[in-house]
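Student: Per the numbering used here, residue 492 is the first one in the sequence shown, and the count goes up by one each step.
Where is the CB? At the ideal position from N, CA and C, for every residue including glycine.
Below you'll find the structure I mean.
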Amino acid sequence: MAKTYAEINDKIKKGTAVVLTAEEVAELAKTLSPKEIAEKVDVVTTATFGAMCSSGAFLNFGHANPPIRMEKIELNGIRVSGGLAAVDTYVGATDCNPENPSYGGAHIIEDLIAGKEITLEAWGKGTDCYPRKHIKTVITKDTINEAILYNPRNAYQNYNVATNSTDKIKYTYMGTLLPKLRNASYSTAGELSPLLNDPECRTIGLGTRIFLCGTEGYVTWNGTQFHSTKETNEYGIPTSNARTIAVIGDLKNMSTEFLRGVYYEKYGVSMFVGIGIPIPILDEDLARRVSIRNEQIETTVVDYGDGNKILGKTNYAALQSGEIEVNGHKIKTAPVASLSKARQIAEILKSWIQKGDFLLTEPVRPMPTGTSLKGLQEIEN
492 MAKTYAEIND
502 KIKKGTAVVL
512 TAEEVAELAK
522 TLSPKEIAEK
532 VDVVTTATFG
542 AMCSSGAFLN
552 FGHANPPIRM
562 EKIELNGIRV
572 SGGLAAVDTY
582 VGATDCNPEN
592 PSYGGAHIIE
602 DLIAGKEITL
612 EAWGKGTDCY
622 PRKHIKTVIT
632 KDTINEAILY
642 NPRNAYQNYN
652 VATNSTDKIK
662 YTYMGTLLPK
672 LRNASYSTAG
682 ELSPLLNDPE
692 CRTIGLGTRI
702 FLCGTEGYVT
712 WNGTQFHSTK
722 ETNEYGIPTS
732 NARTIAVIGD
742 LKNMSTEFLR
752 GVYYEKYGVS
762 MFVGIGIPIP
772 ILDEDLARRV
782 SIRNEQIETT
792 VVDYGDGNKI
802 LGKTNYAALQ
812 SGEIEVNGHK
822 IKTAPVASLS
832 KARQIAEILK
842 SWIQKGDFLL
852 TEPVRPMPTG
862 TSLKGLQEIE
872 N
């Protein structure tokens, strides 16, 4: 038995589609076979809410009179890109002022969504067509032309667990790691995580419609650092950070409930991003994939204090229990992603589909295969 996107969308329009969250279908899989799930379920909603540093927003301010070609741009005192057209910029989530490192690009984006006023100051050299050399003004999301969230790398497919064996505290993007393996931090939402429910990206590709920070968004490309040849376990799940997606959406329609600027002590600024992706259950194979449970999803434990040394493997059931055991050491665990928010997103997306407000899109281009990562080689001066 196989279903098509058109058939599932027709059910959504009629209000007859059976939609479950990934947690609900994982529970259902304890009593039903993949074949039975494929017959019963049409769509499974997945979600994650966590720190995604490789995020940002394109803004177009509009022209002043006389106009200026903005070559140096600051928003609330934060230097942002002046390398686009005259009144365009890209605000990177991790942009910051070193004198005030706890406020950065992610907070500017959050403040824009919240409707707050942002101070814009810009400088240019002055040209015949753009004679103005300086401007200072205030902007909001309602006074600028476009505000487009565009994130080059989101929704990592699995991620390493971070811990620290040294005698010193380590301050990282995975949070504060205490000495001598006294804690471990992990990301992703386990069996709710989007790319763990479709590990080979059969239904996730260019054009896939998604939930993005409270509104509709789209997958635009494979994300940066897309790695499709990582080691997998017996369930076909990569056991460390593998595939990613690039996403886009209208910032003006987003909610600060699902996009938040954060600061990691002595590391820097990042941005929490909420993403939900519907997985159409086209056949038995996809039904089997979305039935994955936390205890079947393995990930790698890495020592961030000792050159990213691999200490072993664990699974998300153990991680979510609050304690794992690695090489005889019992280590307390805590997430740097919000499972409760992921559950909320999966439920919201489920309700949109059930109401007929959200149809599924078939990718116009699949994700690549056979990809790996390259590194930098240092050269002598």
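(1) Alpha carbons only, please: which of 824, 620, 495 and 817 is nearest the one belonging to residue 667?
(2) Is it buried or exposed for residue 606, if we count other Cβ within 10 angstroms and need 16 for buried?
(3) Go through its chain and collect everything with a Cβ distance to residue 863's Cβ below 7 Å, but skip five positions before and after it.
(4) If you reduce the DSSP assignment to three classes, tell me which class residue 647 lands in.
(5) Counting pairs of beta carbons, one from the stretch 493-502 and one from the stretch 767-782, are three or more of them closer than 8 Å?
(6) Compute the distance between the beta-carbons of residue 655 and residue 796, then report whether it is under 8 Å.
(7) Going by other Cβ atoms of all chains shown within 10 Å of its Cβ, with 16 needed for buried, is residue 757 buried or exposed?
(8) Hey, could you find the ends of the alpha helix (DSSP H) residue 771 is sitting in?
(9) Quickly, what does DSSP pair residue 753 with across the bridge? List them, please.
(10) Quick one: is residue 648 buried, meaning 16 or more other Cβ sit within 10 Å of its Cβ, or exposed?
(11) Residue 742 and residue 604: beta carbons closer than 8 Å?
(12) Do you know how far the Cα of residue 594 is from the Cα of residue 679?
(13) Identify every run of the beta strand (DSSP E) within the stretch 677-718, keeping only runs that are complete inside it and at least 3 residues long; order them along the chain.
(14) Name, in chain order, the residues that DSSP records as bridge partners for residue 550.
(15) On a CA-only basis, which of 749, 653, 682 and 771 is nearest residue 802? Give me that one, please.
(16) Check whether the stretch 744-751 touches the stretch 698-713, counting contact only when three or more Cβ pairs, one atom from each stretch, lie closer than 8 Å.
(17) In whole angstroms, what is the alpha-carbon distance linking residue 677 and residue 836?
(18) Would you check if there are 3 or more beta carbon pairs closer than 8 Å linking the stretch 564-583 to the stretch 542-549?
(19) Would you say the beta carbon of residue 813 is closer than 7 Å to some non-hydrogen atom of the ligand HEM?
(20) What does a CB cutoff of less than 7 Å around residue 688 pick up in its chain, not counting 5 residues either side in sequence?
(21) In the structure shown, what three-state DSSP assignment does residue 521 receive?
(22) Per DSSP, what kind of secondary structure is residue 616 in: helix, strand or coil?
(23) Counting beta carbon pairs with one atom in the stretch 726-740 and one in the stretch 631-650, are three or more of them shorter than 8 Å?
(24) I'd like to know if the stretch 725-734 and the stretch 562-571 are in contact, where contact means that at least 3 CB-CB pairs between them fall below 8 Å.
(25) Terminal residues of the continuous alpha helix (DSSP H) containing residue 779?
(26) For residue 817, does the three-state DSSP call read helix, strand or coil?
(27) What whole-angstrom Cβ distance do residue 729 and residue 539 have, given they're in contact under 8 Å?
(28) Please report how far the alpha carbon of residue 832 lies from the alpha carbon of residue 761, in whole angstroms.
Tutor: Per the coordinate set shown:
(1) Taking the sequence shown and counting its residues from 1, the one referred to as residue 667 is at position 176. Minimum Cα distance to residue 667 is reached at 824.
(2) Indexing the sequence shown from 1 puts residue 606 at position 115. The residue in question, residue 606, is exposed, as its Cβ has fewer than 16 Cβ neighbours within 10 Å.
(3) Walking along the sequence shown from the start, residue 863 turns up at place 372. 718 and 720.
(4) Along the sequence shown, one-based indexing puts residue 647 at 156. In this structure, residue 647 counts as coil in the three-state DSSP scheme.
(5) yes
(6) Walking along the sequence shown from the start, residue 655 turns up at place 164. Walking along the sequence shown from the start, residue 796 turns up at place 305. For residue 655 and residue 796, yes; Cβs fall inside 8 Å.
(7) Here residue 757 is taken as the residue at index 266 of the sequence shown, counted from 1. Answer is exposed; the Cβ neighbour count stays below 16.
(8) In the sequence shown, the residue the question calls residue 771 occupies position 280. Note, residue 771: premise wrong, no alpha helix (DSSP H); beta strand (DSSP E) at 759-771.
(9) Position 262 of the sequence shown, counted from the first residue, corresponds to residue 753. 761.
(10) Position 157 of the sequence shown, counted from the start, is the residue given in the question as residue 648. It is buried - the Cβ of residue 648 has at least 16 other Cβ atoms within 10 Å.
(11) As a working mapping, residue 742 is identified with position 251 in the sequence shown. As a working mapping, residue 604 is identified with position 113 in the sequence shown. Cβ atoms of residue 742 and residue 604: closer than 8 Å.
(12) Here residue 679 is taken as the residue at index 188 of the sequence shown, counted from 1. Here residue 594 is taken as the residue at index 103 of the sequence shown, counted from 1. Cα-Cα distance, rounded: 24 Å.
(13) 700-703 and 706-713
(14) Counting from one through the sequence shown, the residue named residue 550 turns up at place 59. 580 and 638, per the DSSP bridge assignment.
(15) Position 311 of the sequence shown, counted from the start, is the residue given in the question as residue 802. Ranking the options by Cα distance to residue 802, first place goes to 653.
(16) yes
(17) On the sequence shown, residue 677 is found 186 positions in, with the first residue counted as 1. On the sequence shown, residue 836 is found 345 positions in, with the first residue counted as 1. Answer to the nearest angstrom: the Cα atoms are 20 Å apart.
(18) yes
(19) For the ligand HEM, the structure offers nothing, since it holds no ligand at all.
(20) What you label residue 688 is simply residue 197 of the sequence shown in a count that begins at 1. So the list reads 513, 535, 537, 770, 780, 781 and 783, once near-sequence residues are dropped.
(21) Position 30 of the sequence shown, counted from the first residue, corresponds to residue 521. Correct three-state label for residue 521: coil.
(22) For the purposes of this step, residue 616 is taken as residue 125 along the sequence shown, with counting starting at 1. Of the three classes helix, strand and coil, the one that applies to residue 616 here is coil, per DSSP.
(23) yes
(24) no
(25) Position 288 of the sequence shown, counting from 1, holds the residue named residue 779. Per DSSP, residue 779 belongs to the alpha helix (DSSP H) from 775-781.
(26) As a first step, residue 817 must be located in the sequence shown, where it is residue number 326. Strand.
(27) Looking up residue 729 in the sequence shown gives position 238. Looking up residue 539 in the sequence shown gives position 48. Incorrect: roughly 15 Å between the Cβ atoms, too far for contact.
(28) As a first step, residue 832 is located in the sequence shown; it is residue number 341 there, counting from the start. As a first step, residue 761 is located in the sequence shown; it is residue number 270 there, counting from the start. Roughly 17 Å separates the two Cα atoms.
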